[in-house]
Amino acid sequence: MQTSPFRTSDQRKADREEKREAVLRAAVRLFNERGFHAASLEDVAASLGISKPTIYHYLGNKDQVLFECVTRGVDQLRDAADAAKALPGTGLDRLRSFLRCYSEIIMDDFGRCVIRTADEALTHESSARFRALKREIDDAMRELLEAGIADGSIAPLDVRLTSFTLAGALNWPARWHRADGKSRPEDVAAKMVDILTGGLAPR
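Under full-length UniProt numbering, think of the first position of the sequence shown as 1, with each following residue one higher.
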């Protein structure tokens, strides 16, 4: 049977998704390295050997590209929270699992972009949506804390303050951790979570 030289619709769709992913990954890395305002779509296009209109074709304008990057990062964090909530064990066990995943995501490209992107870098509409997405992650962390307090595995702490403390500490590796450094993200995450959760258990 002769093989058709024409690509199927599924093949074309897969090819488009692969190219779109490559553009998005190149963009997020430049945004993280140079900052949103210093990195241009021309820089992104040049890094891939494509034209600027090609980026518009796959992702849209610069604000749309950035919003896609931070949305991808928040989605990863939301998935990690959902997975942690479904785990067996105590509330503290589930919280620790989420915090380790949270920290690892923050040290990867899209999670790093969530932390490094200030609200004002986006348009007014996108900024409002970005804040709403981040609130979902904050709410998820508070729910895990509350579940631990309810089952007695976490001391009756101030949930809001504890959530801010945990997130604030775990967000910093997005700025100082180097992907090409000696410390693996999973090792850094495990050590930080051990330090941060040591004071959560009842005494």
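All C-beta atoms in this analysis are idealised placements derived from N, C-alpha and C, irrespective of residue type, glycine included.
- Exclusion of the five residues before and after L95 leaves L144 and G148 as the residues of its chain whose Cβ lies within less than 6 Å of its Cβ.
- Nearest to C113 by C-alpha distance, out of A80, V74 and S127, is V74.
- Between the alpha carbons of A39 and G199 lies a distance of about 41 Å.
- Around the C-beta of R12, fewer than 16 other C-beta atoms lie within 10 Å, and the residue is accordingly described as exposed.
- L92 has its alpha-carbon roughly 30 Å from the corresponding atom of C69.
- If you ignore the 5 residues before and after R72, its C-beta comes within less than 7 Å of the C-beta of F110, all in its own chain and listed in chain order.
- Taking 8 Å as the cut-off, the beta carbon of R20 is found no closer than this to the beta carbon of L48.
- The C-beta separation of M141 from A167 comes to about 7 Å, placing the pair in contact by the 8 Å criterion.
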